[in-house]
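Peer 1: I have a structure here, written as structure tokens, and I will follow up with some questions on it.
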Amino acid sequence: MCSRRHGGGRVRSTTPAEDRYIVLSAKRNRRTTAQEVANQFLASSGKQISRKTVARCLRGGGLYARRPVVCVPLTRQHRTSRLQWCREHHNWTEQCILFSDESRFSLSSDCRRQLIWRESGTAYHPETIQEKDRYPTCNIMVWAGIMINGPTRLHVVANGTMTGQGYIDEVLLPHDCLDSEGIQRLVWPARSPDLNPIENVWDALGRQVAGRNYPPTNKNTLIRALTEEWDKLPQQLLDNVVQKKLMHVESVEIQSLHVRVVEKFGEKVPVEVLSNSIGSGSGENYMSRLCPVHQ
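Following this line, the structure appears as structure tokens:
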């Protein structure tokens with residue numbers, strides 16, 4: 001029976017204390033590269049180590065290179081407004097609230113969630129390369145609203161852009177209509193798309209369109225696909241996203257590093273930070289409270 005002799009094998013290039021220093025250096029600046037950590041280690045200790053040694057040391061310390069979650073920057077005023085808004089509306093009745101927003105879709109997805117199966121060393125083979133224009137050639141802007149009782153129709157914004165006349169036709173006139181019908185518009189806190197449940201619906205709609213057997217290839221087929229998939233969205237999905245955002249939300253606490261925490265039923269759970277992806281909302285974000293006579 002054979003066993004490895006104690007002390008056999010290649011001597012480690014770093015000591016445990018130096019490993020802790022390397023991990024601490026990466027934690028102090030999480031955006032630094034492995035080569036930059038190696039250069040910093042050389043300047044401080046006079047010992048030269050490779051980039052791969054730094055990577056192995058960081059993996060041993062539980063650190064891995066990952067894409068960061070993207071969120072909008074929040075000032076102190078933004079956080080204060082969000083907290084105040086949630087405190088004022090924590091006891092609303094979700095059955096009489098219509099969440100609305102517009103979103104932009106394009107034929108070329110701008111997200112990086114799509115993965116492919118390929119062999120090692122075939123990254124630049126024609127069959128494993130995805131073509132993508134720097135600027136999307138076909139953009140469609142749509143508007144819709146959701147509530148517990150059902151969604152609105154999906155409206156396509158003409159020409160995909162908001163002109164002066166379009167602003168009058170699609171923003172001012174609808175506002176006048178809401179005022180004439182006695183429907184109250186609630187002010188939405190700035191830079192708070194994560195509080196609007198329709199953002200989750202836009203993401204689901206984008207996934208449905210991208211997963212069609214025959215994906216859209218031009219503007220007309222994209223509009224048709226968006227409309228058809230919007231009509232197919234199950235009401236249970238809409239109810240779930242609305243209830244998750246509204247049901248018994250007692251407080252929203254905005255802490256450092258853009259981590260949002262809500263308290264539901266006495267249990268704190270993290271609120272997802274939405275990244276910009278296909279179907280990410282843009283433009284004015286507002287919500288309407290329907291009067292009881294119009295329910």
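Going by the UniProt record's numbering, the sequence shown wraps up at 295, each residue one higher than the last.
Cβ atoms here follow ideal geometry from the backbone N, Cα and C, with glycine treated the same way.
Bear in mind the structure is a predicted one, so any value in this text is a computation, not a measurement.
#1: Restricting to Cα atoms, I'd like to know which of W188, V209, N240, N200 is closest to E88.
#2: Who pairs with G145 in a beta bridge, going by DSSP?
#3: May I ask you to report which of helix, strand or coil DSSP gives R12?
#4: Do you know offhand how far L98's Cα is from K27's?
#5: Determine the DSSP secondary structure at H175, reduced to helix, strand or coil.
#6: Chain D beta carbons: is any one of them nearer than 8 Å to that of A225?
#7: What residue range does the alpha helix (DSSP H) around R82 cover?
#8: For the pair the stretch 46 to 61 and the stretch 151 to 160, tell me if three or more CB-CB distances fall below 8 Å.
#9: Can you tell me whether DSSP reads R118 as helix, strand or coil?
#10: Name the residue from N213, W230, P197, A210 whose alpha carbon lies nearest to the alpha carbon of S100.
#11: Are there 16 or more other CB atoms within 10 angstroms of the CB of K232, so buried, or fewer, so exposed?
#12: Counting only the same chain and skipping the five closest in sequence on each side, list residues whose C-beta sits under 7 Å from that of W85.
#13: Please name the residue or residues paired with R51 in a DSSP beta bridge.
#14: Tell me whether the beta-carbon of V142 lies closer than 8 Å to the beta-carbon of S180.
#15: Between the C-alpha atoms of D194 and P151, what's the straight-line distance to the nearest angstrom?
#16: Which term fits D176, buried or exposed, when burial requires 16 or more other beta carbons within 10 angstroms of its beta carbon?
Peer 2: This is what the structure holds:
#1: W188
#2: S100
#3: coil
#4: 43 Å
#5: helix
#6: Of the chains in the structure shown, none is chain D; there is only one protein chain.
#7: 76 to 88
#8: Contact between the stretch 46 to 61 and the stretch 151 to 160 is absent, with fewer than three C-beta pairs closer than 8 Å.
#9: Assigned with DSSP and collapsed to three states, R118 falls in coil, not helix or strand.
#10: P197
#11: exposed
#12: P189
#13: Residue pairing for R51: DSSP places it in no beta bridge.
#14: no
#15: 19 Å
#16: exposed
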